[in-house]
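Protein chains in written order, with the working numbering: chain A, 1 to 406; chain B, 1 to 548.
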Amino acid sequence: MKLQVALALALSWLASADSYSQSEPARSTQNEQTAHETAKRNLLQALEQNPNDKKALFQLGQLMVDEGDFVSAAPLFRKYVAISPSEPGAWAYLLRCAVGQHDVREADAAQRQIERLAPTNVALHAQAACWLAGSGISEVTAVEFELAMSLALNQTRSGALWYSRLGQCYEHAQDPNRAARAFQAAIELDPDTEANYFRLAHLLAREGKAGPASEIMASAVAHFPRSVTTRVEAGNIELEAGNPERALEGQQRAATLNPQSPGVLLLLGRIQLTQRRYPEAIATLEQAAKLAPADAGIHFYAGQAWMKTEHGTERALEHFKRSLDLDPSRASTYYWLGSLFFHREHDYRVAVQYLEQAVDRAPELEAAHQMLIQAYKRLGEDAKAAGQLRRYEEIVQQKAKAEAPR
Amino acid sequence: MTRLRLVHAVLLSLFAANTTTVDPIRFEDGPAPRFVTRTGRTARKYLPQTMAGGVAVFDYNNDGLLDIYVVNGATMPGLVKDGPQYSDRLFRNNGDGTFTDVTDTAGVGGEGFNIGVAIGDYDNDGFEDIFVAGVHHNTLYHNNGDGTFTDVTERAGLARPDPQYGKLWAVGATWVDYDRDGLLDLFVVNYVQWDPKTEPVCEKGGLPDFCYPRAYAGVPNSLFHNNGDGTFTDVSASSGIRKSIGKGMAVAAADFDGDGWPDLFVSNDTLPSSLFLNQRNGTFKEAAIEKGVAFTENGAAISGMGVDAQDIDNDGLPDIFETALLNETMPLFRNLGQVGFEEITFASGVAHASLAKTGWSNGIYDFNNDGRKDLFAACGHVMDAQGSLHATVPQTNIIFANLGKEQFADVSASAGVALARRDVHRGGAFGDLDNDGRVDVVLTELDGPLRILHNVSPAPNHWLLIRTIGTKSNRDGIGTRIRLVTEDSVQYNAVSTSVGYASSSDVRVHFGLSRRALAQELELFWPSGTHQILKNVKADQVLTVREP
């Protein structure tokens with residue numbers, strides 16, 4: 001059972017390994033929801049028959065955690081560890097519940113138990129550290145993160161996955177220093193995975209550390225000298241760091257490897273956009289779109305380029321819609337479509353449809369809230385505008401609460 | 001290749017600017033006092049060095065002529081004015097196009113690395129006082145009325161460090177009577193948490209350069225309530241201002257929601273703008289998202305720089321004109337009243353011309369006196385003039401003529417050779433220096449000379465300058481809304497000295513009357529609530545209006 005729990009924990013984590021890189025959280029279908037409810041009913045029945053059914057306690061607790069109902073989940077795991085106190089996976093879930101409820105004392109106790117019972121289990125500690133990321137439970141977070149990092153020394157190449165994931169958690173929690181350390185550990189454990197270089201470099205660039213970001217990508221280029229992807233990504237990093245000239249150098253090197261690569265053209269188009277060379281950006285991105293008509297990103301930037309022209313609204317609309325067809329998950333595409341209908345077409349009804357999608361997918365997208373409130377007002381739907389404002393304010397309050405030192 | 005050129009030509013045609021007949025706007029470089037804004041240049045770059053340059057135009061000696069006060073930098077990282085080259089300077093207007101340096105007599109040479117300036121008569125004694133915003137050190141000068149000033153910062157209670165952030169770095173301020181008690185209060189715009197000892201090292205293109213704002217943490221702004229006895233109380237927390245953490249660059253005070261109480265718009269660098277709506281009980285509610293001015297249509301928080309708020313479409317509601325970084329456009333928000341604001345940057349024609357510029361101080365003024373307020377922005381790249389981007393750092397300034405119906409045209413190219421000059425502009429104050437009815441512009445540039453753009457717009461249009469004297473309201477009449485009616489137009493304006501970035505402009509309200517030599521009606525809404533109407537006011541004069 002101990003092994004099964006640990007395995008289930010690790011597998012469930014791996015299954016969601018890329019969720020932070022996606023702009024839209026995975027949505028459960030109606031069938032999945034029904035199955036979920038059925039499973040809950042069955043587990044509750046099992047517990048009615050046997051309140052100490054460990055399997056039912058654990059699985060029901062997991063379902064509650066999945067729903068974000070930590071108040072209901074916590075007693076189940078407390079009961080579990082009372083019955084079986086030496087299972088670190090259950091303590092880990094108890095830690096998850098404590099984080100969800102901002103219960104510092106229980107988080108501290110659970111962390112101590114995990115450390116005592118499984119001092120070298122990197123999967124468990126990385127997961128625990130991940131859950132603690134951005135929790136505001138600073139002392140426990142520091143202890144668990146350092147513990148997870150200390151285990152990197154004894155890992156093999158496959159251990160890089162844990163650290164890559166850990167870095168993403170802390171990046172998501174806006175803790176760039178810890179995220180950078182985790183990504184660095186992932187690169188050291190597995191220098192042959194390009195994505196880890198990209199993640200670290202993007203993080204550094206976003207933090208304004210252009211020099212270190214460039215250095216990371218230089219080492220990536222040295223490691224993958226024939227990779228167009230790496231060259232393009234090096235250009236993207238420079239662009240993100242505000243160095244379009246250096247991005248162009250990277251783009252030109254990538255172009256020597258494959259001048260017709262859509263990625264190479266996309267980078268060039270983005271550089272031209274940054275440099276306000278809109279006619280050229282449009283020409284480049286149109287060419288890229290012909291080569292890769294199913295690339296949502298190319299259409300997205302082509303739409304942006306056309307939006308910069310005085311008479312480009314129609315073409316911008318076509319590209320944004322195509323981008324959305326290809327990738328309906330990208331909140332920013334909904335935002336741009338909303339903006340286009342709001343500012344250019346003055347069709348507030350349609351703008352609302354897109355902006356609602358944008359805020360649903362990315363509640364943190366403040367600009368979308370702003371425009372949605374304004375769009376409701378233009379439509380005379382003051383109650384909806386007020387409701388949207390309240391929703392926005394709740395998000396801000398939750399964010400402030402999560403970020404406040406405890 | 002030919003096909004590609006053709007495609008480019010077709011695409012370029014999409015960017016062609018509208019051309020509409022408008023009374024010309026012309027400026028000449030006029031004789032300016034000898035002054036250079038010193039940034040304490042160093043090989044290593046410190047953020048304040050790119051932020052200097054505040055300037056004010058105001059009549060310190062009540063002789064009816066606008067004088068010029070310029071703040072200055074200091075050594076870096078020491079933040080010390082160790083020689084006359086770093087002195088802030090007061091230049092008295094001699095009325096003949098020349099100025100006399102009266103800094104030493106006036107006692108306003110200053111201390112430390114100063115950035116911005118705000119003018120207002122805080123003690124209602126009839127003489128304009130000076131507030132200087134600086135790096136870790138602000139100064140309040142009381143005008144003694146005899147050509148001298150006294151540093152009263154300590155006595156006024158404005159020298160205390162922030163309880164949480166310590167010494168703050170202020171870049172600008174505005175005098176505003178937020179509680180309408182007849183006394184000007186002080187709103188101070190604070191930029192970022194900064195310490196020379198922990199200044200990060202950044203580079204651009206292999207050369208040292210200024211770091212991006214995201215390398216620094218934000219801070220709240222400050223609001224000081226005027227107690228009426230020469231002292232101020234810090235009400236930043238109790239008023240709700242302190243709740244908003246930003247990277248403030250500039251502030252515009254205006255009655256945005258039309259309730260008769262002054263509100264505040266703050267442009268933030270790389271963070272959403274703030275709109276503090278006056279709740280009429282000593283508190284403010286931040287409502288930038290709600291009113292639609294936190295972000296531009298691109299959805300990103302821009303690097304907000306200077307800001308001015310005046311009524312560009314004469315509908316009685318103050319609109320907002322903001323400057324921003326290269327490639328961000330200079331946002332123009334039209335006030336729709338209770339609904340909020342509508343961004344018209346693209347629709348108005350401002351976006352395309354402003355995309356290529358980094359704007360700093362800016363102003364909404366009727367430069368050609370045609371009855372429509374135009375837009376001016378002082379421009380210069382934020383990065384180091386000695387750095388890798390040196391070729392693009394000096395920039396020409398930009399003027400948009402108001403064509404009516406919320407349309408603007410970039411007329412910089414036809415506004416004279418003075419507008420073709422590329423410099424690293426920063427501060428900009430607006431006012432009629434020679435009382436000829438045409439609004440002039442005083443500009444600073446980093447490590448460059450002070451400039452006066454003398455307005456020589458040729459159209460024989462009429463004008464009116466109104467100096468408000470409050471009796472129940474604050475003596476400057478700051479916050480007074482003025483409605484002017486001519487035979488064929490209605491215009492609105494408001495009294496404010498807070499214009500642009502780090503700068504302070506003529507407290508007198510300027511109206512262009514086009515071909516009309518008479519204002520049939522002049523209606524003043526004083527902050528005290530007093531409503532005053534003047535009939536048949538002749539144009540082409542500086543009119544002093546005393547609150548009844």
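All residues carry an ideal CB built from backbone N, CA and C; glycine is no exception.
- Nearest C-alpha to valine 189 of chain B among B/Met383, B/Pro208, B/Gly306, B/Leu419: B/Gly306.
- Around leucine 43 of chain A, the same chain offers Ala56, Gln59, Leu60, Leu63 as residues with beta carbons nearer than 8 Å, after the five sequence neighbours per side are excluded.
- Residues of the stretch 89–111 of chain B with a C-beta less than 8 Å from any C-beta of chain A: none at all.
- In this structure, the CA atom of phenylalanine 300 of chain A is about 13 Å from the CA atom of leucine 267 of chain A.
- Closest option to glutamate 356 of chain A, judged by alpha-carbon separation, among A/His343, A/Pro191, A/Ala385, A/Leu47: A/Ala385.
- When the beta-carbon positions are compared, valine 201 of chain B and valine 219 of chain B stay at least 9 Å from each other.
- DSSP, read as helix, strand or coil, puts serine 86 of chain A in coil.
- Counting only Cβ-Cβ distances below 8 Å, leucine 275 of chain B has no contacts in chain A at all, with the closest Cβ about 11 Å away.
- Taking the Cα of isoleucine 395 of chain A as reference, the smallest distance to any Cα among A/Ala210, A/Ile237, A/Arg181, A/Leu365 is reached at A/Leu365.
- Chain-order list of chain A residues neighbouring isoleucine 289 of chain B: Glu366, His369, Gln370, Ile373, Leu389, Tyr392, by C-beta distance under 8 Å.
- The stretch 334–342 of chain B and the stretch 374–383 of chain B do not touch, with fewer than three beta-carbon pairs separated by less than 8 Å.
- Residue nearest to glycine 97 of chain B within the set B/Gly107, B/Asp67, B/Asp121, B/Tyr122 is B/Asp67 (criterion: CA-CA distance).
- Cβ-Cβ separation between leucine 95 of chain A and alanine 118 of chain A: approximately 12 Å, too far for a contact (criterion under 8 Å).
- Contact between glycine 428 of chain B and tryptophan 360 of chain B holds, since their C-beta atoms are separated by about 7 Å, short of 8 Å.
- Checking the DSSP bridge columns, you'll see arginine 89 of chain B partnered with B/Val70.
- Isoleucine 115 of chain B is positioned such that its CB atom lies closer than 9 Å to that of valine 71 of chain B.
- Taking a contact as a CB-CB distance under 8 Å, the pair valine 108 of chain B and glycine 172 of chain B does not count as one, their CB atoms being some 17 Å apart.
- The C-beta of proline 220 of chain B comes no closer than 9 Å to any C-beta of chain A.
- Residues of chain A whose Cβ lies closer than 7 Å to the Cβ of phenylalanine 346 of chain B are, in chain order, His343.
- Contact between leucine 543 of chain B and phenylalanine 511 of chain B is ruled out by a C-beta separation of about 10 Å, above the 8 Å threshold.
- Cβ-Cβ distances below 7 Å link glutamine 275 of chain A to Pro244 in the same chain, with the five nearest sequence neighbours on each side left out; the list follows chain order.
- Under a criterion of Cβ atoms nearer than 8 Å, the residues of chain A adjacent to valine 339 of chain B are, in order, Gln374, Lys377, Arg378.
- Around the Cβ of threonine 100 of chain B, a 10 Å sphere holds fewer than 16 other Cβ atoms; the residue is exposed.
- Take the alpha-carbon of leucine 166 of chain A and the one of tyrosine 334 of chain A: they are about 30 Å apart.
- In this structure valine 122 of chain A touches glutamine 155 of chain A by the C-beta definition: roughly 6 Å separates them, less than 8 Å.
- Arginine 253 of chain A is outside the set of residues whose beta carbon lies under 9 Å from a beta carbon in chain B.
- The stretch 521–535 of chain B and the stretch 128–148 of chain B do not touch, with fewer than three beta-carbon pairs separated by less than 8 Å.
- In the displayed model, methionine 305 of chain B falls within coil according to three-state DSSP, outside both helix and strand.
- For cysteine 379 of chain B, the enclosing beta strand (DSSP E) has its first and last residue at 374–379.
- Taken in chain order, the complete alpha helix (DSSP H) segments of 4 residues or longer contained in the stretch 77–153 of chain A are 88–100, 104–117, 122–132, 138–150.
- Glutamine 279 of chain B sits in coil when the DSSP states are folded into three classes, being neither helix nor strand.
- About 4 Å separates the beta carbon of glycine 235 of chain A from that of alanine 247 of chain A, a gap short enough to meet the 8 Å contact definition.
- Taking the Cα positions, leucine 453 of chain B is about 8 Å away from leucine 443 of chain B.
- When DSSP states are grouped into helix, strand and coil, asparagine 227 of chain B belongs to the coil group.
- Taking alanine 288 of chain A as the centre and dropping the five residues before and after it, the same chain places the C-beta of Pro262, Leu265, Leu266, Gly269, Ile298 closer than 7 Å to its C-beta, in chain order.
- For the pair valine 537 of chain B and aspartate 234 of chain B, the Cα-to-Cα distance works out to about 42 Å.
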